[in-house]
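Single-structure report; data block below.
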Amino acid sequence: MSSSACFSSIPVELLYHIFRYISVSDIVNVLSVSSFYRPLVADETIWRDLCSRYGVHDLTSLRIHDPNRSYFTVYTQLLHAYGPLLGLWASDNPFQGNVIEFRVVTESREVGWEGIVGEVWRFPSFERMPMQPDYYEFLRIGFPTPSDGVEVEESSMSLRFTQVIHSNSGTFHNTTSLYQVSPSCLHLNAPHKQAFYLCDGPPYKSHKPSLHPRFPPPALKDLWYDPARLPRLTPHYTRLTDLQKFLRKVRWNILTMNDEHILYFAPANRGTTPQPASITIVPPYAEEELYDSLLSPQRDSSVIDIREEVPKAFTKSGARSFVGHYFSLPNVPRPPCIQEPSEETTNPDNQPSTHEDPDFRSLEGLWLGAYSSDGTTVLYLKWNQGSDELEAWKVTGGYSVPRGALSWTVHNSRPIFPCPPGTDESSAVSLVVEMGIKLESLDRERVLLFEGTGVIADEGFMEESRLAPPISVAIIGQDEIRIRWAYGHIIIVDSDIIFLDLPMRPVVILGSAKAASDLLEKKAHLYSDRVQSIMVKLMNWDIGVGMMPYTPRWRAHRRMFHQQFHGGVADKFRPIQRQYTREFLSWVLQEPANMRDHVRRLITAIIVSATYGKRITSMEDEYVTMVQTAVEGVNKAAIPGAFWIEFMPFLRYIPSWVPGTTSKRVAEWYKPYVIDMKEKPFLEVKTAVDAGSAPQSVTRTLIENISKNYGGTTDADVYEEIAKNVTSTAYAAGADTTRSACLSFLLATALFPEVQTRAQAELDRVVGPSRLPEYEDFAQMPYLQAIVLETMRWMAVTPLSIPHAVIEEDVYEGYRIPKGSMIIPNVWAMSHDEKDYPDPEIFKPERFLNADGNIDPTVRDPTTLAFGFGRRICLGRHFSNNTLSIFIASVLHVFNINAGVDASGEPVVLSTEMEGGLVALSRPEHSMYIALCFWPNTKR
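Numbered as in the numbering used here, the sequence shown ends at 938 without a single skipped number.
The structure is reproduced here in C-alpha cells:
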C-alpha cells in the first residue's frame, strides 16, 4: 500500500487535531500529499469548519472591506496563528496583576477594520459592589485592506499589527494614538523559572527574602494550562535575570525608616517547576511608559522596585520596566447555577435535611469580587477535592493580598444557616442580616451560610505579616457570594457598642452619639484616660497634650493650653486668620493648579504666625517640612493596631536591626523631627524675647508669663517644658485637621454645585460685590454657618477620633467593659447616622436650618462629635472653627468651584475616597483637579 493510500485512511477529525500544531504551509502540503485529500485544499468546507472552532461561522461582516475574502484566507492568514489567543489571559504583573481579552472584530462598517483586537480589563476604583470591566484597546491584528495595496493571497505576514496608545493612562480617557508595528510585538515565551521576591532589610543583617506568590498559582497551573491556547509562533527564550546581588546597593537606612520593601526578581529556587508557556506584548519603544501603565499597572505603595533604587539593576534588566507574562485563563464558562446533590445525599448524621448542601464543584470558575480600596478583583474559585474546600485565588489583586495568592477558603461542612430543625437560629439570622442579606425578600432556602478562613496582610504580603482571620461566607442563589471578615472576636454586633477581644487589649467601638455621650462625657472620670501607644512613645510624641495619660501632668498641660485658646480669647487670632486667607485668594489666582499646596500653606502660615509669630513665605520653610514629617509620624502611630509592637510590647527591647522590628525603625526615623518641632521654634522665640524683638505670639506670652511668675525658681524649668509641649501640640494638631476640613469643603462644593449657588446668593445679599467677607457678617448668613457645620459632619476629620481608655472596670447596658479597654468613638458612623442626618452621604447644609431659615437647635451639632468628647475635647476647636469659617466665606465669595478638567481637557470625575490615617484627607488625585475660577458677581 502506498503512503498516499495510508494517509487517506486517516480520519478527518484526527487531521483537524494535527492541524492545530503545524504551520499553514504544512497543512497545505499534508493535504496535497494525498490525492484523496488534495481537493480539500480548495474546498471552503474544511476551512469554514476550522474557522468555526474560533467562533467565525459567517464571513458577511469580515467581507465589508474585502468582498473577496474567503474562509481559506481568514483561517490561513489570521486564525491559524492567532486564533488561539481568543479569550482571557492573566498577567503576572506584581501585586495587581491584569486581565486582557482577545476577540474577533466583526461589528460594523464604522469599525474600519476586521481582525482580532486585544483589550485590557479595567475596573472603576473604590466601588463597594463588583463592577463589570471597561475595555481599552492595546493591540489590533487586522487584515490588509485594498487601500494598503496588498493582495489577499499574501502570507500571514501581510497582517497589520497596530498598537493602541491611550494618551492619558492615568484616567484612561479614550484619547488614543495608533502605531503600526511588526508581528514581533507579540512574543510566545517558553516556560521559565523567573520569580519575584521581596525584602524589608539588608540580607547581610539576616533579613530573609519573601517569595512573591507565583503566577499562575501552582494549584491552578495544570487546571489553566492549555497548549491549544498558545499562538502558533516560534517560542522566545528569555535569559533569566538575577537582581539579588544588587540588594547590597540599596539605601536601606532610608527605606526601613519609611517601612518600605524592595521588590526584585531572580531565578526560582532549585527544584521549583517552571511556569508554563506564556505570551508577552512588547510596547512600542516611543510610547513605552504609557503602554506599560495600561498593561502593567502600578500605584504608589510601600513596595519599591529595586531598579528604581539601583541604576545598575535597571541596566541589568534591559533598561526597561517589567513586561508581564500573560497566561491563558479557562474559556469554559462557570455553570449557571449551584447544583443540588442527588436525592440519596444525606447529612453526616443520616438525618433528612431541609436544605441540601451545595456541590462546590459547580462554583468553579472566574468571579468578580469587591475588595475595598482595591476595587473589583478577578477571582478564580476552585474546589479542592482533597480537602473538600472551596478556594478563592486572586487573578488580580492589591498590595496587601496580591494576584496569585489564596484569598479565602470555605469548609464544606454543615452550613451554619439554615440551622437544623429545633435549634435556635437567632444568632445565625443576625449574622445573615449583618451581611446585608434581606431574608424577607429572598427565599430562605436560597441562602447558605458557611464558615471559612481568610487571608490578610500588610502591604508587601511579607510572610511574617500574614494573618488568617475567620470569615463567614453566604452563598446566595446561583451567582452571588458574600463574605464577612472578622478581624477579631466580635462579642456584640449590630449595636451602639461593639466589643473586640483582641490580643493584649480588649477594644470597644462606640457607634452612636448616645453611647459616646453616656460613657465619654457622663462618665468622664472613668473614660478620660488614653491608651499608651508604644509607637507614640518611641517617636517622642507623648509630648502631645492629646496623647498624654489622664494624670496631674496632663491637667497642667491642659490648663495652659486652655488659657491661650479657649472661646473667650480665640477671637484675638481673627486678624491673622483673615489676613492669610485673603493672601490665599491671591495665591490661587497666581497658581490655580497648586490649590492643594496653597491650602496647606495657608493653614500652616496661620498656625505658625499665631503660635510663634513667624511669617511663612514658602512651603520649603524648615518649620513647614519639620512639622509635616512629625505629623506624618503620629498619623501612622496613632492608628489602633497599625503596628505589631502595640500587641507585643517586648519588641521594643529588641534591637532595630533584628528582622520583624519594623516598628522601631519607623519610630527612630520620625523621632528627631518630633524633637526638633518641640525645641527649635520655641528656643528661637525665647532668644527673640530676650533680645526684645519677638513679635506677639502664644509662645511669647507664655515665656513672659513664666518669667514673671516663676523666674529664678526651679518651677521655671518645669513650666517652660510644659510651654514647649503646648506650643508644639498647637502647631502640629491644627496643621492636618483644619486642612482636611478645608479640602473636604472644596470637594463637597465641587460635587454639589447647588450649595455654592445658594451660598453665593447669601453672600451677594449680605456682603455685596465691593468687599470681602468679615467675621461680623456671619450673624446675618445662616446658610454659611450651616455649610461650616455640614463640612464638619460630611467628612469627619478624625473618623475614629483618638482612642480613650477606661480607668476602672465598668458596666454599660448590661455589658462588662474591662479595665484598660481601648474605647474607639466611631465618629464617622455617628456623623452618618440616618436617625440624626437623613441622606448622610449628601452634602446638604439646609439640614441644619429650620423653616425660618435660621440654625435649628434641635439638629445635633456635628462639632460635638468632630472635636472629641468629654474632658478630651479638642482645646483648639474655636481657633480651628474660625479659620474654617473665614476660609469658606472668602472662597465662595471670590471663586466658583467645579470639578475642572484633566491634562487632556476631559472632565474629571471626582470621588469621596479619602486617604487613611488618624486624620482623613481627600485623595490628591481628586482635589488637585478642583478648579477655582472668578465668580462673575464679584468686582474684586
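Every residue, glycine too, gets a C-beta built ideally from N, C-alpha and C. From a predicted model like this one, the values you see are computed outputs, not experimental measurements.
| query | Which residues share a DSSP beta bridge with K828? | reply | Reading the sequence shown from its first residue, position 830 is the one you call residue 828. It should be pointed out that residue 828 corresponds to Met in this sequence rather than to Lys. According to DSSP, M828 bridges with nothing at all.
| message | At a threshold of 8 Å, does F141 count as lining the ligand GDP (C-beta to nearest heavy atom)? | response | In the structure shown, the ligand GDP is absent, as is every other ligand, since no ligand is present at all.
| message | Let me see if you follow: with CB-CB separation under 9 Å, is V597 close to chain D or not? | response | Although the question refers to chain D, the structure presented lacks it and comprises just one protein chain.
| What are the start and end residues of the beta strand (DSSP E) that includes A368? | For the purposes of this step, residue 368 is identified with residue 370 of the sequence shown, where counting begins at 1. Where A368 is concerned, the enclosing beta strand (DSSP E) stretches over 363 to 368.
| field | Beta carbon of F750 nearer than 9 Å to that of A721 | value | Position 752 of the sequence shown holds residue 750. Position 723 of the sequence shown holds residue 721. In this structure, A721 does not lie closer than 9 Å to F750 by Cβ.
| Can you list, in chain order, the residues of its chain whose CB lies under 6 Å from that of I701, leaving out five sequence neighbours each side? | One-based indexing of the sequence shown puts residue 701 at position 703. Around I701: K684, V687.
| message | Quick check: L366 and S165, are their CB atoms within less than 9 Å of each other? | response | As a position in the sequence shown, residue 366 is number 368, starting the count at 1. As a position in the sequence shown, residue 165 is number 167, starting the count at 1. No, these two residues do not count as a Cβ contact at 9 Å.
| query | Would a C-beta distance cut-off of 9 Å place M537 and H259 closer than the cut-off? | reply | Here residue 537 corresponds to residue number 539 of the sequence shown, with the count starting at 1. Here residue 259 corresponds to residue number 261 of the sequence shown, with the count starting at 1. No, the pair does not count as a contact, with Cβ atoms beyond the cut-off.
| request: Taking 8 Å as the threshold, find out whether the region 209 to 216 comes into contact with the region 54 to 73 through three or more Cβ pairs. | output: no
| Is the CB-CB distance between E628 and A728 below 9 Å? | Translated into positions along the sequence shown, residue 628 becomes position 630. Translated into positions along the sequence shown, residue 728 becomes position 730. The question names Glu, but residue 628 is Ala in the sequence shown. Their beta carbons are not under 9 Å apart, which means A628 does not touch A728 by this criterion.
| query | CA-CA distance, R556 and V716? | reply | In the sequence shown, residue 556 corresponds to position 558, counting from 1. In the sequence shown, residue 716 corresponds to position 718, counting from 1. One C-alpha to the other measures close to 15 Å.
| said: By alpha-carbon positions, which one of A568, Y525, G565, G475 ends up nearest to P954? | reply: In the structure displayed, the chain extends from -1 to 938; residue 954 sits before or after that span and is not available.
| Assuming I541 and N267 make a contact with CB atoms under 8 Å, what is their CB distance in whole Å? | Working through the sequence shown from its first residue, we reach residue 541 at position 543. Working through the sequence shown from its first residue, we reach residue 267 at position 269. Not confirmed; about 48 Å, so no contact.
| task | Please determine, among I435, P801, V625, the residue with the shortest C-alpha to C-alpha distance to Q530. | result | Against the sequence shown, residue 530 aligns to sequence position 532. If we check each option's Cα against that of Q530, P801 comes out closest.
| message | Using a Cβ distance threshold of 8 Å, determine whether the region 791 to 810 contacts the region 760 to 775, with at least three qualifying pairs required. | response | no
| said: Quick test of your reading: P413 and L447, contact by CB under 8 Å. State the CB separation rounded to the nearest angstrom. | reply: The residue you call residue 413 lines up with position 415 of the sequence shown. The residue you call residue 447 lines up with position 449 of the sequence shown. The pair is a contact, with the Cβ atoms about 6 Å apart (cut-off 8 Å).
| Is the region 750 to 759 close to the region 578 to 590, with three or more CB pairs under 8 Å? | no
| query | Can P836 and R845 be called in contact, C-beta distance under 9 Å? | reply | In the sequence shown, the residue the question calls residue 836 occupies position 838. In the sequence shown, the residue the question calls residue 845 occupies position 847. Their beta carbons are under 9 Å apart, which means P836 touches R845 by this criterion.
| To the nearest whole angstrom, what separates the beta carbons of I304 and V376, a pair I think is in contact under 8 Å? | Locating residue 304 in the sequence shown gives position 306, where the first residue counts as 1. Locating residue 376 in the sequence shown gives position 378, where the first residue counts as 1. Taking C-beta atoms under 8 Å as the contact rule, I304 and V376 fail to qualify, at a distance of about 27 Å.
| query | Do you know whose CA, among V301, H323, I853, L745, lies nearest Y293's CA? | reply | For the purposes of this step, residue 293 is taken as residue 295 along the sequence shown, with counting starting at 1. It should be pointed out that residue 293 corresponds to Leu in this sequence rather than to Tyr. Comparing C-alpha distances from L293 to each of V301, H323, I853, L745 shows the shortest one belongs to H323.
| Neighbourhood of H596 by C-beta, 8 Å cutoff - its chain only, sequence neighbours within 5 removed | Counting from one through the sequence shown, the residue named residue 596 turns up at place 598. The answer, listed in chain order, is F582, W585, V586, E589.
| request: Tell whether a beta-carbon distance below 9 Å holds between Y773 and D569. | output: Residue numbering aside, residue 773 sits at position 775 when the sequence shown is read from its first letter. Residue numbering aside, residue 569 sits at position 571 when the sequence shown is read from its first letter. Closer than 9 Å, so yes.
| Given P265, which residues of its chain have a CB within under 8 Å of its CB, disregarding the five upstream and five downstream residues? | Walking along the sequence shown from the start, residue 265 turns up at place 267. Contacts found: K191, Q192, A193, L238, D240.
| request: Using the Cα positions of Q337 and E389, report the straight-line distance between them to the nearest angstrom. | output: As a first step, residue 337 is located in the sequence shown; it is residue number 339 there, counting from the start. As a first step, residue 389 is located in the sequence shown; it is residue number 391 there, counting from the start. Annotation note: pLDDT 28 at Q337 (below 50); position unreliable, coordinate value reported separately. So the two alpha carbons sit approximately 18 Å from each other.
| Any beta strand (DSSP E) of 3 or more consecutive residues that is wholly inside the region 763 to 843 | 808 to 810, 813 to 815, 820 to 823
| Does the distance from the CB of S829 to the CB of R791 come in under 9 Å? | Numbered from its first residue, the sequence shown carries residue 829 at position 831. Numbered from its first residue, the sequence shown carries residue 791 at position 793. Cβ distance < 9 Å, so S829 and R791 count as in contact.
| task | With DSSP as the reference, label S691 as helix, strand or coil. | result | The residue labelled residue 691 in the question sits at position 693 within the sequence shown. It is coil, neither helix nor strand.
| CA-CA distance, R869 and K706? | Position 871 of the sequence shown, counted from the first residue, corresponds to residue 869. Position 708 of the sequence shown, counted from the first residue, corresponds to residue 706. C-alpha separation (whole angstroms): 29 Å.
| field | Cβ shell of D408 (< 7 Å), same chain only, five flanking positions each side left out | value | Locating residue 408 in the sequence shown gives position 410, counting from the first residue. Checking the sequence, you will find Val at residue 408 rather than Asp. Taken in chain order, the residues that qualify are E387, L388, F448, G450, V471.
| message | My parser needs the beta strand (DSSP E) runs of 3 or more residues fully inside the region 513 to 596; what are they? | response | Restricting attention to beta strand (DSSP E) runs no shorter than 3 residues, the region 513 to 596 encloses none.
| Taking the continuous beta strand (DSSP E) assigned at E451, which residues delimit it? | The residue labelled residue 451 in the question sits at position 453 within the sequence shown. First, the residue type needs correcting, since residue 451 is Thr and not Glu in the sequence shown. Looking at the DSSP string, the run of the beta strand (DSSP E) that includes T451 is 445 to 452.
| said: Buried or exposed, going by whether 16 or more other CB atoms sit within 10 Å of the CB of L465? | reply: Start at 1 with the first residue of the sequence shown, and residue 465 comes out as number 467. Classification for L465: exposed.
| said: Between which two residues does the beta strand (DSSP E) holding N187 run? | reply: Mapped onto the sequence shown, residue 187 falls at position 189. From DSSP, the beta strand (DSSP E) with N187 extends over 184 to 187.
| query | Can I435 and I474 be called in contact, C-beta distance under 9 Å? | reply | The sequence position of residue 435 within the sequence shown is 437, counting from 1. The sequence position of residue 474 within the sequence shown is 476, counting from 1. For I435 and I474, yes; Cβs fall inside 9 Å.
| task | Look at the alpha carbon of R401 and the alpha carbon of S89, and state the distance between them as a whole number of angstroms. | result | The residue labelled residue 401 in the question sits at position 403 within the sequence shown. The residue labelled residue 89 in the question sits at position 91 within the sequence shown. Whole-angstrom Cα-Cα distance: 9 Å.
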